[in-house]
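Student:
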Amino acid sequence: MTGAQAPGALARLRQTLEKNEYYQHDNAPLKLGLTRAETLLGGGLARRALHEISPQAPIHLGAACGFALALAALAGKDTGRDTLLIQTEIARFEAGAPYGIGLDLFGLPARRLLVLRARRTIDALFAMEEALKCRALASVIAELPDDKADLTATRRLSLAARTHDGIGLLLRQRSTSIPSAAMTRWEVAATAGPRDAYGGAGTTSFLLSLVKNRRGPCGRFRVAWSHHELAFVEADPVVVAAPVADRPADAAIA
Amino acid sequence: MWLRRLPTDRLTRRSPELAGQPLAVVATIRSARQITALNDEAARLGLRATMGLADARAMYPQLVAIDADDDADAATLNHIADWCDRYTPLVGLDPPDGLFLDISGCAHLFGGEDGLRRDLIRRLAAHGFHARAVIADTPGCAWALARYGVSSSFADDETTSRSAPPPERGRSTREARRVGVNMPSFTQPPSPTLPLSGGGSEQRALLPLPLAALRIDPDIAAPLAQTGLKTIGDVIDLPRAPLAARFGQDFVRRIDQAFGREDEPIVPRLPVPSFLVEQRFAEPIGREEDVLGTILHLAHELARAMERHGKGARRLQVALFRTDGKVVRIEIGTSEPMRDPARIQRLFLDRLAVLGDEADPGFGFDVIRLSALAVESFEAVQTGLAGGDPAREIAHLIDRLMARFGAERVQRLVPQDTHLPELASIAVPANTARSRTETAPHAAAQEALFQDSRIPTRPIRLFERPEPVEAIAQVPDGPPVQFKWRHVTHDVAYAEGPESIAMQWWRTDQGLPVTRDYFRIETRQGARVWLYREGIYQDRDNPPHWFLHGIFA
Numbered sequence: 009m010t011g012a013q014a015p016g017a018l019a020r021l022r023q024t025l026e027k028n029e030y031y032q033h034d035n036a037p038l039k040l041g042l043t044r045a046e047t048l049l050g051g052g053l054a055r056r057a058l059h060e061i062s063p064q065a066p067i068h069l070g071a072a073c074g075f076a077l078a079l080a081a082l083a084g085k086d087t088g089r090d091t092l093l094i095q096t097e098i099a100r101f102e103a104g105a106p107y108g109i110g111l112d113l114f115g116l117p118a119r120r121l122l123v124l125r126a127r128r129t130i131d132a133l134f135a136m137e138e139a140l141k142c143r144a145l146a147s148v149i150a151e152l153p154d155d156k157a158d159l160t161a162t163r164r165l166s167l168a169a170r171t172h173d174g175i176g177l178l179l180r181q182r183s184t185s186i187p188s189a190a191m192t193r194w195e196v197a198a199t200a201g202p203r204d205a206y207g208g209a210g211t212t213s214f215l216l217s218l219v220k221n222r223r224g225p226c227g228r229f230r231v232a233w234s235h236h237e238l239a240f241v242e243a244d245p246v247v248v249a250a251p252v253a254d255r256p257a258d259a260a261i262a
Numbered sequence: 129m130w131l132r133r134l135p136t137d138r139l140t141r142r143s144p145e146l147a148g149q150p151l152a153v154v155a156t157i158r159s160a161r162q163i164t165a166l167n168d169e170a171a172r173l174g175l176r177a178t179m180g181l182a183d184a185r186a187m188y189p190q191l192v193a194i195d196a197d198d199d200a201d202a203a204t205l206n207h208i209a210d211w212c213d214r215y216t217p218l219v220g221l222d223p224p225d226g227l228f229l230d231i232s233g234c235a236h237l238f239g240g241e242d243g244l245r246r247d248l249i250r251r252l253a254a255h256g257f258h259a260r261a262v263i264a265d266t267p268g269c270a271w272a273l274a275r276y277g278v279s280s281s282f283a284d285d286e287t288t289s290r291s292a293p294p295p296e297r298g299r300s301t302r303e304a305r306r307v308g309v310n311m312p313s314f315t316q317p318p319s320p321t322l323p324l325s326g327g328g329s330e331q332r333a334l335l336p337l338p339l340a341a342l343r344i345d346p347d348i349a350a351p352l353a354q355t356g357l358k359t360i361g362d363v364i365d366l367p368r369a370p371l372a373a374r375f376g377q378d379f380v381r382r383i384d385q386a387f388g389r390e391d392e393p394i395v396p397r398l399p400v401p402s403f404l405v406e407q408r409f410a411e412p413i414g415r416e417e418d419v420l421g422t423i424l425h426l427a428h429e430l431a432r433a434m435e436r437h438g439k440g441a442r443r444l445q446v447a448l449f450r451t452d453g454k455v456v457r458i459e460i461g462t463s464e465p466m467r468d469p470a471r472i473q474r475l476f477l478d479r480l481a482v483l484g485d486e487a488d489p490g491f492g493f494d495v496i497r498l499s500a501l502a503v504e505s506f507e508a509v510q511t512g513l514a515g516g517d518p519a520r521e522i523a524h525l526i527d528r529l530m531a532r533f534g535a536e537r538v539q540r541l542v543p544q545d546t547h548l549p550e551l552a553s554i555a556v557p558a559n560t561a562r563s564r565t566e567t568a569p570h571a572a573a574q575e576a577l578f579q580d581s582r583i584p585t586r587p588i589r590l591f592e593r594p595e596p597v598e599a600i601a602q603v604p605d606g607p608p609v610q611f612k613w614r615h616v617t618h619d620v621a622y623a624e625g626p627e628s629i630a631m632q633w634w635r636t637d638q639g640l641p642v643t644r645d646y647f648r649i650e651t652r653q654g655a656r657v658w659l660y661r662e663g664i665y666q667d668r669d670n671p672p673h674w675f676l677h678g679i680f681a
């Protein structure tokens, strides 16, 4: 092999090796199907990172759980890997136990879900750290009822998430403003979705507020989750000014 | 092995001030207080085990009498049996005060059979127990010689004095290597006449012993004495059929067991492991890093042994023998057979982290043993270039979480074929979920629940106990218009339903079957919940109850 041909051969060899690997390392962010949100996030929900989700009010706890599940469903859809849900005992009293049939109907197959009932928050955080280092999981959701996951804990979880390309989701049952090392922070509220023509209930819809974003500005979106297609659908976009840098001097609000 | 003073030794260990005094253990038998056990000092004074306490006290007023406690004695015997595990894993209980140890293949580790016996008696004496141990070919022979054998005196605890005939040593006829192989079952070559070749000396030692040494039924002891048969030598040459007819088949069986013509298996107290490796320390260790390092080293050896047989372990146990006699056992289970030493050590690290005080080393551990209690066949699999298989990695993560948090906390959700919502999907431990049907698990339920509606028909979260709510609804069976849950009132914007689900047939409410009417409720703020009403509205004094069973996304 001459020197000029070597780089090409090396690239071909790399390609062959990558095809044989069990783990297709996917560094691309998780596509949400929402163009505006993806622009703000820099292409999609970042992998190798920790994200926080909390409800806007206690009654919206179900919506927050649903949003976390939807993200996990998207993460596991292409790769077929499992999801781990870690719940403390108090969180289980607050929000209920995951229901297999409901999960299947929502879009996350129950046979790809592992559930860990932790006794205390410390146990849940430890388990999440260990699970994030396991590369065979697509995502790890930890549901905590309190504020014990502070800056130190979230920093450890972020570092653990960086080892492999899974997604870590920290589901707080009470929204809080304590500082955290997560990449993004979402507040979720349930909202009435578009109804069908026969008067039935509307599609599952969320009002998402991106309140913290390391890669760009924040924003609010109203989205609907289609459990038949396993995708988010943008619903009546709320008008929001474009980011300052890209805004032309005399553009109308887009 | 016979612990000849077990009750009094136990009491003396507890209260050392009783050591030099005559001590008797008494129990109420047939409404009379009788002595059931004594210590050596009391025996030297001439007291015996079936004497009445009043008589004994009359003779020796300074006798100390304490009530019998059979449970404590049994617990002590169990602890000693646990401790004897360091010599051999096959330890059988012989209540109330004896133990059987099968030492085939173990004796060479202690410098021969006699070395083992002396070590055993010496260590037990250091702990305060008087014992007599005899090594023989059959359990029956050993039992007889231990209890009724000729010996110099009761002070037989240390190495025997020169004047007494040493307890006979039998050849162990079973070959089994200590590391690596299952112990094969006992086989004794049957012999029609006496004496047997080899080991004959112990057979001869049996002959002068009284018949009670054969563990015979007390009912036939008196008739035997009446016919003039007093020692084993008397019965050994008699024809067997008349003996069996007159004194029962059991009697003949006991003779055969003692002489090895019939097998008597020792029932082990704990399951005998298939593979075990152990490490003995001249100086006891106590630090956790040292213990884990030893476990890693033992796991390497165990892996080599299992690999030769193509096996992987499903259940592993580490037994830590403390110098003060206590044995700490730590067990882990895995979802798949494995023998990777690093992973084994990791699982024990996780388990030790939660054990805390239970694995307290005390003055240190002097023996550490790693055994594989359950093995399955496991061939080495050629891994690809990438290395690592997702299913195995998940299995290993599950094992580690189970070792850390307990096996019932790591779960998978499996469907059940029932229409009751709370049983339609149950959580089972993750390592058993593989055996249940996994293919398209909830599809059947999905078909039944498919609705051309925009929201799923079942909630994503279900409360284990449905939470009671106060609801205002149209009579008699309309959907609610307002409900109060967790002290917050919500207005209902929209309700889908009712979906009637009948409860189990044996639950009735005044003769009518109990049904629940489920509604999918959307509140004015947009939140969605799953409410049900139990019963129907019959009259003003008996309103039906409303519950919140689950929440939707």
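Chains L and P supply the protein sequences, listed in that same order. The opening residue of the first sequence carries number 9 in the numbering used here; numbering runs sequentially from there. The opening residue of the second sequence carries number 129 in the numbering used here; numbering runs sequentially from there. We put the CB at the ideal spot given by N, CA and C, even for glycine. The model shown is predicted, which means the values in this text are computed figures rather than measured ones.
Apart from the five residues just before and just after S213 of chain L, which ones in its own chain have a Cβ nearer than 8 Å to its Cβ?
Tutor: So the qualifying residues of the chain are A198, T199, A200, G201, P202, R230, V231, A232, W233 and A243.
Student: For S280 of chain P, count neighbouring C-beta atoms within 10 Å of its own C-beta (all shown protein chains included) and say buried if the count is 16 or more, exposed if not.
Tutor: Low confidence applies here, because S280 of chain P scores a pLDDT of 35, under 50, leaving its location unreliable and the question unanswered by this model.
Student: Taking 6 Å as the cut-off, is the beta-carbon of Y646 of chain P closer than that to any non-hydrogen atom of the ligand ATP?
Tutor: Within the structure as shown, the ligand ATP is missing, as the structure has no ligands at all.
Student: Figure out for me which residue from P:D210, P:R397 and P:M530 has the closest Cα to the Cα of A135 of chain L.
Tutor: Of the candidates P:D210, P:R397 and P:M530, the one whose C-alpha sits nearest the C-alpha of A135 of chain L is P:M530.
Student: Grab me the residues of E137 of chain L's own chain with a C-beta within less than 7 Å of its C-beta, minus the 5 sequence neighbours each way, in chain order.
Tutor: Correct list, in chain order: R164, L165 and A168.
Student: Residues of chain P with CB closer than 9 Å to the CB of H68 of chain L, please, in chain order.
Tutor: Here the neighbours are Q653, G654 and A655.
Student: Can you tell which of L:L18, L:A54 and L:A65 has its C-alpha closest to the C-alpha of T184 of chain L?
Tutor: Nearest C-alpha to T184 of chain L: L:A65.
Student: Given a limit of 9 Å on CB to CB distance, which residues of the segment 603-631 of chain P reach chain L?
Tutor: Flagged, chain order: W613, R614, V616, H618, A621, Y622, A623 and E624.
Student: On a Cα-Cα basis, can you pick out the residue from P:W633, P:G240, P:I460 and P:T266 that is closest to D391 of chain P?
Tutor: The option with the nearest alpha carbon to D391 of chain P is P:T266.
Student: Since E242 of chain L meets chain P, which of its residues come closer than 8 Å, beta carbon to beta carbon?
Tutor: In chain order: nothing, as chain P lies at least about 16 Å away.
Student: Can you find a C-beta in chain P that's less than 7 Å from the C-beta of F229 of chain L?
Tutor: It does not; no Cβ of chain P falls within 7 Å.
Student: W633 of chain P lies in the beta strand (DSSP E); which residues open and close that run?
Tutor: Unbroken run through W633 of chain P: none, as it is neither H nor E.
Student: Quick test of your reading: L121 of chain L and P106 of chain L, contact by CB under 8 Å. State the CB separation rounded to the nearest angstrom.
Tutor: About 7 Å separates the two Cβ atoms, so the contact holds.
Student: Taking the alpha-carbon positions, what's the R119 of chain L to P641 of chain P distance?
Tutor: Taking the straight line joining both Cα atoms gives about 34 Å.
Student: Which residues, taken in chain order from the segment 582-596 of chain P, show a beta carbon closer than 7 Å to some beta carbon of chain L?
Tutor: Residues R582, I583, P584, T585, R586, P587, I588, R589, L590, F591 and E592.
Student: Against chain L, does P569 of chain P count as a neighbour if the rule is that its beta carbon must be under 7 Å from one of theirs?
Tutor: In this predicted model, P569 of chain P has a pLDDT of only 48, less than 50, meaning its place in the structure is not dependable enough to derive any value.
Student: Are the Cβ atoms of G414 of chain P and P489 of chain P separated by less than 7 Å?
Tutor: Yes.
Student: State yes or no: is the beta carbon of G176 of chain L nearer than 7 Å to at least one beta carbon in chain P?
Tutor: It does not; no Cβ of chain P falls within 7 Å.
Student: In the DSSP assignment, what residue or residues form a beta bridge with F387 of chain P?
Tutor: According to DSSP, which records beta bridges pairwise, F387 of chain P is partnered with nothing at all.
Student: Strictly by DSSP, which residues pair up with A441 of chain P?
Tutor: Its beta-bridge partners are P:M466 and P:V503.
Student: By DSSP, does F75 of chain L sit in helix, in strand, or in coil?
Tutor: DSSP places F75 of chain L in helix when its eight states are reduced to three.
Student: Hey, does G74 of chain L have any beta-carbon neighbour from chain P nearer than 7 Å?
Tutor: So yes, G74 of chain L belongs to the interface.
Student: Drop a sphere of 10 angstroms on the beta-carbon of G70 of chain L, count the other beta-carbons inside from all chains shown, and report buried for 16 or more, exposed for fewer.
Tutor: Answer is buried; the Cβ neighbour count reaches 16.
Student: If you count every other CB in all the chains shown that lies within 10 Å of the CB of H673 of chain P, and 16 or more means buried, which is it?
Tutor: Per the 10 Å Cβ criterion, exposed.
Student: Smallest Cα separation from R457 of chain P: which of P:P370, P:P594, P:L480 and P:A160?
Tutor: R457 of chain P has its Cα closest to that of P:L480, out of P:P370, P:P594, P:L480 and P:A160.
Student: Can the beta-carbon of S553 of chain P be found less than 7 Å from the beta-carbon of I149 of chain L?
Tutor: Taking 7 Å as the Cβ cut-off, S553 of chain P and I149 of chain L do not qualify as a contacting pair.
Student: Near I649 of chain P, which residues of its chain fall below 6 Å by C-beta distance, leaving aside the five closest residues on each side in sequence?
Tutor: For I649 of chain P, where only same-chain residues beyond five positions count, the Cβ hits under 6 Å are V620, A623, V657 and L659.
Student: I think A146 of chain L touches I94 of chain L, with their Cβ atoms under 8 Å apart; what is that distance to the nearest whole Å?
Tutor: Actually they are not in contact, since the Cβ atoms of A146 of chain L and I94 of chain L sit about 15 Å apart, beyond 8 Å.
Student: Throw me the rounded Cβ distance for the F228 of chain P and G240 of chain P pair, which I believe falls under 8 Å.
Tutor: F228 of chain P to G240 of chain P, Cβ: 20 Å. No contact.
Student: Shortest alpha-carbon distance to R635 of chain P belongs to which of P:D230, P:F680 and P:L548?
Tutor: Closest option to R635 of chain P, Cα to Cα, is P:L548.
Student: In chain order, what residues of the same chain have a beta carbon less than 6 Å from the beta carbon of L590 of chain P, not counting five sequence neighbours either side?
Tutor: Within the same chain, L590 of chain P has close Cβ partners G678.
Student: Tell me the rounded alpha-carbon separation between S300 of chain P and L244 of chain P.
Tutor: With a pLDDT of 34 at S300 of chain P, under the threshold of 50, the predicted position of this residue should be treated as unreliable, though the coordinate-derived value follows. Whole-angstrom Cα-Cα distance: 13 Å.
Student: List, in order along the chain, the chain P residues whose C-beta lies closer than 8 Å to that of V123 of chain L?
Tutor: Ordered by position in chain P, the residues that pass the 8 Å Cβ test against V123 of chain L are V538, Q539, R540, L541 and A555.
Student: Check the Cβ-Cβ distances between R141 of chain P and every residue of chain L, and say whether any is below 7 Å.
Tutor: So no, R141 of chain P is outside the interface.
Student: Please state if the CB of T136 of chain P and the CB of N167 of chain P are separated by a distance shorter than 7 Å.
Tutor: Yes; because the gap between Cβ atoms is below 7 Å, this pair is in contact.
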